[in-house]
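Visitor:
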Amino acid sequence: MTTFTELNQDNLQHLPASFVRPTYDRSNIKAGIVHIGVGGFHRSHEAFYTDELLSTTDSKEWGICGIGLREADRRIGDTLKQQDFLYTLIVKHPDGNVEHRVIGSIVDFLLATDDSKAVINKMASEDTKIVSLTITEGGYNFNPATGEFDFNNADVKHDLANPETPKTVFGFLTASLKQRRDAGLPAFTIQSCDNIQHNGNMTRKMVLAFANEQDAELAKWIEQEVRFPNAMVDRITPVTTPEDIEALAATGVKDAWPVVCEPFHQWVIEDTFSNGRPAWENVGAQFVPDVTPYETMKIRLLNAGHSVLGLLGSIHGHETIDSCIADPLFATYLRRFMDIEATPVLAPVEGINLDDYKDALIERFSNPSIKDNLARICLESSSKLPKFLIATIAENLASGGSIRHATLVIAAWCYYSDKGTSKDGVALDIVDEMKDELHAAASKTTSDVLSFLRISDIFGELVDNKTFTDEYTRMVTSLYANPNIAEQMTSIIG
Ligand code: CS2
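In this text, residue positions in the sequence shown follow the numbering used here: the first is 206, and each later residue adds one.
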């Protein structure tokens with residue numbers, strides 16, 4: 206009978222010798238960082254960098270307290286609590302080599318639906334210097350086409366009416382900042398770790414829009430005191446599967462929710478903080494005065510590249526990113542999209558050769574150990590594509606550049622939203638806040654070919670651009686007549 210070592214603080218010493226584990230004293234670490242949205246990406250990225258920092262330097266004030274705002278976050282909170290907030294990062298190399306690293310930087314977790322006051326107090330506590338966020342692209346509550354804050358959101362309305370018992374991230378940020386101001390404490394930094402162009406500026410705009418509606422005086426204080434650094438974040442982190450948990454158990458370690466990731470990781474941050482910051486530069490993060498070119502490069506090449514493969518691949522019947530790259534047609538299509546459409550509208554990035562960057566991306570995507578499911582990539586496409594892909598189309602339309610590779614992806618997204626299946630009729634798992642609206646518009650395509658493009662929250666005024674609509678009409682008509690996406694892709698790359 207196999208005996209397991211349950212992952213917890215006492216058992217750290219009993220883990221297999223190959224496991225890297227915290228050697229620092231976790232009992233006296235303060236949570237200088239409060240993090241909202243403890244998903245896989247936070248655990249493979251910020252928590253990893255911070256663990257490395259705690260391991261290599263004396264930085265006791267920079268532990269992390271995780272926060273879950275929704276009932277759905279209960280599971281991660283309970284799992285972490287049961288394991289003394291420890292978890293295993295399973296780093297999978299392309300050659301099949303696997304590293305196990307137990308991360309110790311998370312030292313607490315609070316669930317807002319259990320006790321919203323406790324969350325506000327935590328964020329308002331003197332020890333908290335940074336509130337960081339991974340709340341997904343959709344979590345910032347802006348209209349993708351206009352970029353303005355959406356006051357129609359029911360939870361936002363609730364928070365404006367009930368500032369002391371908020372539900373949204375905006376309500377928690379303002380309630381805790383108000384408490385700090387009233388107590389004479391300095392503001393914390395609000396640090397976005399999501400894939401949004403100018404994520405700091407965007408967060409600032411949304412927080413100020415909300416705060417202004419709630420309390421104009423407070424909004425003024427936030428405007429003056431809170432820093433919102435922009436940052437580019439990067440580490441491919443697929444969804445943990447039951448097989449990953451079993452493979453870990455086969456080493457003798459029982460961890461209910463490990464995180465899987467690639468070896469590559471990157472974090473480029475603007476050095477503007479309200480109340481101090483960890484020396485993340487000592488563990489590989491890069492601090493720069495302006496992160497814009499890095500962010501754009503990453504979003505328009507990596508994230509857009511993922512979406513290109515995700516939507517086309519789902520219709521074709523591929524399941525993962527690496528299986529797309531192993532298919533020469535998909536690999537060629539991706540490279541053409543990057544070279545012909547995404548790159549010409551990118552500004553040069555200091556110190557980075559874009560050809561090398563793209564080569565490295567394709568190599569990362571091809572990692573056969575990272576089974577990054579296309580369902581994860583296509584998740585919430587309505588909040589991703591406006592920034593990842595539609596922005597590139599709009600800029601190419603303005604400059605007279607090529608749009609055909611990206612336009613086929615929009616046509617494919619219409620087909621995908623309409624049919625909800627691969628070309629062979631296999632059902633796809635579509636998760637999108639706008640799923641019903643996307644489906645309703647897409648399903649009218651045969652009678653009104655531009656119906657999908659009329660979702661103005663996503664496409665803005667693109668439906669009025671004849672160059673685009675001509676190209677789109679041709680592609681969507683052809684795709685509906687022949688959903689063999691490989692043939693459609695071949696006709697584009699010639
Ligand atoms: C992906 C990202 O969700 C997506 O569409 O492109 O999660 C991607 O894997 C990360 O940004 C990598 O850093």
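Think of the CB as a built atom: it goes at the ideal place given N, C-alpha and C, for glycine as much as any other residue.
1) Nearest to Glu600 by CA position, among Val554, Thr682, Pro549 and Asp532, is which residue?
2) Strictly under 8 Å for the Cβ-Cβ distance: is His250 near chain B by that measure?
3) With a threshold of 7 Å, establish whether the CB of Ile441 neighbours any heavy atom of the ligand CS2.
4) Excluding the 5 residues flanking Leu338 on each side, which residues of the same chain have their C-beta closer than 8 Å to its C-beta?
5) Which same chain residues end up closer than 8 Å to Ile690 when comparing Cβ atoms and leaving out the 5 residues on each side of it in sequence?
6) Can you tell me the Cα-Cα spacing of Lys235 and Lys503, whole angstroms?
7) Terminal residues of the continuous alpha helix (DSSP H) containing Leu294?
8) For Met206 and His305, what's the separation of their Cα atoms in angstroms?
9) Report the option in Lys624, Ser652 and Ser512 whose CA atom is closest to the CA atom of Ile615.
10) Which complete beta strand (DSSP E) runs does the segment 372 to 458 hold, if anything under 3 residues is left out?
11) At a cut of 8 Å, does the segment 378 to 386 reach the segment 424 to 437 through at least three beta carbon pairs?
12) So if DSSP puts Phe314 in a beta bridge, which residue, or which two residues, is it bridged to?
13) Tell me which residue opens and which closes the alpha helix (DSSP H) that Leu534 is part of.
14) Going by DSSP, which residues form a beta bridge with Thr626?
15) With three or more beta-carbon pairs closer than 8 Å as the criterion, would you say the segment 296 to 312 touches the segment 215 to 226?
16) Hey, could you find the ends of the alpha helix (DSSP H) Val324 is sitting in?
17) Using 8 Å as the threshold, is the segment 623 to 640 in touch with the segment 587 to 594, meaning 3 or more CB pairs across them?
18) Would you identify the three-state DSSP class for Gln471, choosing helix, strand or coil?
19) Mind checking whether the beta-carbon of Ile401 lies closer than 7 Å to any heavy atom of the ligand CS2?
20) If you draw a straight line from the alpha carbon of Asn417 to that of Gly376, how long is it in whole angstroms?
21) Once DSSP output is grouped into helix, strand and coil, what is the label at Thr341?
22) Which of helix, strand or coil does DSSP assign to His240?
23) Would Ala380 pass as a contact of Ile340 if the rule is Cβ separation under 8 Å?
24) Which residue comes first and which comes last in the beta strand (DSSP E) that contains Gln491?
25) Within the present structure, is the beta-carbon of Ser574 separated from the nearest heavy atom of the ligand CS2 by less than 7 Å?
26) Going by Cα to Cα distance, which pick from Ala329, Asp460 and Pro483 is closest to Leu259?
27) Three or more C-beta pairs closer than 8 Å, one from the segment 261 to 270 and one from the segment 492 to 499: is that the case here?
28) Report yes or no: do the segment 286 to 304 and the segment 455 to 467 share at least 3 C-beta pairs separated by less than 8 Å?
29) Does DSSP put His511 in a helix, a strand or coil?
30) So, for Leu453: in the same chain, excluding its five sequence neighbours on each side, which residues have a beta-carbon less than 7 Å away from its beta-carbon?
31) Assuming Asn346 and Asp332 make a contact with CB atoms under 8 Å, what is their CB distance in whole Å?
32) What three-state label does DSSP hand Asn670 in the structure shown?
33) Below 6 Å CB to CB, which residues in the same chain sit around Ile545 once its five sequence neighbours on both sides are set aside?
34) With distances taken from CA atoms, which of Phe664, Leu507, Asp653 and Ser604 is nearest Asp561?
35) Please report the straight-line C-alpha distance between Lys592 and Glu342, rounded to a whole angstrom.
36) Taking just the CA atoms, how far does Pro443 sit from Phe224?
Guide: Considering the structure as presented:
1) It is Pro549.
2) The structure shown contains no chain B, having only a single protein chain.
3) yes
4) His240, Ile241, Gly242, Gly344, Val374, Ile395, Gln396, Ser397, Cys398, Asp399 and Thr408
5) Leu517, Ile520, His521, Ala617, Lys628 and Leu684
6) 33 Å
7) First-last for Leu294: Tyr292 to Lys297, but that is the beta strand (DSSP E), not the alpha helix (DSSP H).
8) Bear in mind that a pLDDT of 49 at Met206, under 50, signals an unreliable position, so the number given afterwards is only what the model happens to contain. Rounded to the nearest angstrom, the two C-alpha atoms are 23 Å apart.
9) For Ile615, the nearest C-alpha among the options comes from Ser512.
10) 394 to 397 and 436 to 439
11) By the Cβ test, the segment 378 to 386 is in contact with the segment 424 to 437, since at least three Cβ pairs between them sit closer than 8 Å.
12) For Phe314, which the question treats as bridged, DSSP gives the partners Gly271.
13) Pro533 to Arg541
14) Thr626 is bridged by DSSP to Ala632.
15) The segment 296 to 312, when compared against the segment 215 to 226, does touch it at the 8 Å Cβ threshold.
16) Ser321 to Ala329
17) yes
18) strand
19) Within 7 Å of the C-beta of Ile401 there is not a single heavy atom belonging to the ligand CS2.
20) Asn417 and Gly376 have their alpha carbons spaced roughly 12 Å apart.
21) For Thr341, the secondary structure class from DSSP, reduced to helix, strand or coil, is coil.
22) DSSP places His240 in strand when its eight states are reduced to three.
23) no
24) Gln491 to Val493
25) no
26) Of Ala329, Asp460 and Pro483, the smallest CA-CA separation from Leu259 is found for Pro483.
27) no
28) yes
29) helix
30) Cβ within range, chain order: Thr293, Ile295, Asp460 and Pro463.
31) The pair is not a contact, with the Cβ atoms about 28 Å apart (cut-off 8 Å).
32) The answer is coil: DSSP assigns Asn670 none of H, G, I, E or B.
33) Ser607
34) Leu507
35) 9 Å
36) 21 Å
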